[in-house]
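Single-structure report; data block below.
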Amino acid sequence: MKKCICYYSLICFLLVTAACKREVAGPALKDDVAPEPVSEVTVENLNGAAKISYALPEDPDLLYVKARYTTRQGVVRETKVSRYNRSIMVDGFGDTSAYQVALYTVDKSENSSPVVEVTVHPLEPPVWIVRKQLKLAPDFGGVNVRYTNPGEHDLAIVVLANDSLGQFSPRSTNYTNLKAGDFSTRNMPDVPTRFGVYVRDRWGNLSDTLITQLTPLFEALLDRTKMRGLTLPTDAPLGYGGSIAGLFDGNTTSGFYHSGDAARMPQWFTYDMGVTAKLSRLAWFMRPGFYYTLHNPKEVEIWGSNNPNPDGSFDDSWVLLATATQTKPSGLPEGQLSQADTDAALAGYTVVFPLNTPKVRYIRFKTLKNWSNGTYVNFYEIMMWGDTK
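Positions -18 to -1, 1 to 371 (mature numbering (1 follows the signal peptide of the UniProt record, and there is no 0)) are the ones given, in order, by the sequence shown.
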């Protein structure tokens, strides 16, 4: 009996001791001893930024390095990197002026070292670089903006024009981190129009504004309710509840086209626009939830006719109007989407027709390859623009 009591007492003692140890174990003891500052500081000036390299003091209590600097607008910015880094980036500069950067080492007790001041001279900021290379041209229903962004920086390109009240204000904003690209601002009348374009970065730095006057090319959205499928002998069979009518129901999330099991690449379907028009552009909308993957068209040809051969052949009654290969803005692997990818998918993929495109009434949408390299074609909507006069 005494042996049991002794064991019981020993167990209680060990439990109490362990609890006490857990209670004592906590944050390391604080001190008020400041660490030594960084040394051997060098600066590499970059576009709108600077990389500051340094040597760290021998101090096992060191936690991080901090850089603090003030913009021309009086905004104080702070950047921190761990003690395992030997350099720190300071960025967001909107000009090429000299800036003072204060460097500190900070220990685990949040003691800061004496300051080390260093001067940086950022190179030309990205907003200026991109602004200088902007190219504007008239487009159907608006203006096309072409840009290059060699550093692939996160930027916004803002297009200005007069609104309904005559105010010169933003009409569209294109967010990009692509090395090069173009976009269009549309739905404007074909009259001389004053356009402005400027570039903004994520810190609010702005370029100056490029001002020009251009006349948008005339176009009108064609009436989808007049469009009908025209089934010809060589057209791809339908399947899985798909229909050509689903492409013209005015809804990009329901009603769809889907080819059947017997379809092979290349494949096509035909439809009557209900009017004869000189086409300016066509936009197709991918299947929601499957952007840039599966059966959505990737490489296509758009053909036009005014009197298609009833045997379904591609003879002289058909003329090739345009070819297009859809690309993924971000270039990310399948299954990964950036915001730019999603925005582009929601806007629809646009095929622009040449200015010398003849007037046609019938369209043949020919898919050479889908995004999965498979044998089906499936997407949700088509919209057409042109001139029926």
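Glycine included, every Cβ here is placed at the ideal spot set by N, Cα and C.
Note that this is a predicted model, so its numbers are computed, not measured.
Three-state secondary structure (DSSP) at residue i?
| i | result |
| --- | --- |
| T349 | strand |
| R54 | coil |
| F272 | coil |
| Q149 | coil |
| I364 | strand |
| L229 | helix |
| Q82 | strand |
| K208 | helix |
| V6 | Confidence is the limiting factor: at V6 the pLDDT is only 38, short of 50, which leaves the residue's position unreliable, though a coordinate-based value still follows. If DSSP states are grouped into helix, strand and coil, V6 belongs with the helices. |
| D183 | strand |
| A327 | helix |
| Q321 | helix |
| D13 | coil |
| H240 | strand |
| L314 | coil |
| L45 | strand |
| R246 | coil |
| L38 | coil |
| T339 | coil |
| R65 | coil |
| E18 | coil |
| R168 | coil |
| D136 | coil |
| E201 | coil |
| Y222 | coil |
| K260 | strand |
| Y358 | coil |
| T213 | coil |
| V334 | strand |
| S154 | strand |
| L160 | coil |
| T370 | coil |
| N131 | coil |
| G178 | strand |
| V173 | coil |
| T234 | coil |
| T191 | coil |
Counting C-beta neighbours from all protein chains within 10 Å, is the total for residue i 16 or more, i.e. buried, or is it exposed?
| i | result |
| --- | --- |
| V6 | Caution applies to V6, whose pLDDT of 38 falls short of 50 and renders its modelled position unreliable; the value that the coordinates give is listed next. With fewer than 16 other Cβ atoms within 10 Å, it is exposed. |
| N233 | exposed |
| R153 | buried |
| N201 | According to the sequence shown, residue 201 is Glu rather than Asn. It counts as buried. |
| E363 | buried |
| P331 | For the sequence presented, residue 331 should be read as Tyr rather than Pro. It is buried - the Cβ of Y331 has at least 16 other Cβ atoms within 10 Å. |
| R184 | exposed |
| P290 | buried |
| G8 | Legend: pLDDT at G8 = 38, less than 50; position of this residue unreliable, value from coordinates given subsequently. By the neighbour-count rule (16 or more Cβ atoms within 10 Å), G8 is not buried but exposed. |
| Q103 | Checking the displayed sequence, the identity of residue 103 turns out to be His instead of Gln. H103 comes out exposed. |
| V342 | buried |
| Y107 | Correcting the residue identity first, residue 107 is Pro in this sequence and not Tyr. By the neighbour-count rule (16 or more Cβ atoms within 10 Å), P107 is buried. |
| K371 | exposed |
| D89 | buried |
| D217 | buried |
| K117 | exposed |
| M(-18) | Here M(-18) scores only 43 on pLDDT, less than 50, and its place in the model should not be relied on; the value that follows carries that caveat. M(-18) comes out exposed. |
| G186 | exposed |
| T155 | exposed |
| T101 | exposed |
| L28 | buried |
| N278 | buried |
| K12 | exposed |
Throw me the rounded Cβ distance for the residue i and residue j pair, which I believe falls under 8 Å.
| i | j | result |
| --- | --- | --- |
| K348 | W250 | 4 Å |
| V63 | V47 | 5 Å |
| H240 | L264 | Rounded, the Cβ-Cβ distance is 19 Å, inconsistent with contact. |
| R246 | T357 | 6 Å |
| F238 | F361 | 7 Å |
Would the beta-carbon of residue i be found less than 7 Å away from any heavy atom of the ligand ZN?
| i | result |
| --- | --- |
| T191 | This structure simply doesn't include the ligand ZN, nor any ligand for that matter. |
For the segment 20 to 38 against the segment 60 to 80, are there 3 or more C-beta pairs whose distance is under 8 Å?
yes
Which runs of the beta strand (DSSP E) spanning at least 3 residues fall entirely within the segment 275 to 309, listed in chain order?
279 to 287 and 301 to 307
Taking 8 Å as the threshold, find out whether the segment 174 to 191 comes into contact with the segment 104 to 114 through three or more Cβ pairs.
yes
State whether the segment 311 to 330 contacts the segment 203 to 211, with contact taken as three or more CB pairs (one from each stretch) at a distance under 8 Å.
no
Entirely enclosed alpha helix (DSSP H) segments - the segment 68 to 126, minimum 4 residues
108 to 114
Are the segment 48 to 63 and the segment 11 to 18 touching by the rule of at least three beta carbon pairs closer than 8 Å?
no
Examine the Cβ distances between the segment 167 to 180 and the segment 142 to 156 and report whether three or more of them are shorter than 8 Å.
yes
With contact counted as at least three CB pairs below 8 Å, one residue from each stretch, are the segment 351 to 363 and the segment 286 to 305 in contact?
no
For the segment 118 to 125 against the segment 75 to 92, do three or more pairs of beta-carbon atoms, one drawn from each stretch, fall closer than 8 Å, so that the two count as touching?
no
Can you confirm whether the segment 268 to 279 touches the segment 297 to 317 when touching is taken to mean that 3 or more C-beta pairs between the two stretches lie within less than 8 Å?
yes
Tell me whether the segment 314 to 323 and the segment 152 to 169 touch, counting them as touching only if at least three CB pairs, one residue from each stretch, are closer than 8 Å.
yes
Closer than 8 Å is the cut-off here; do at least three beta carbon pairs connect the segment 220 to 227 with the segment 293 to 303?
no
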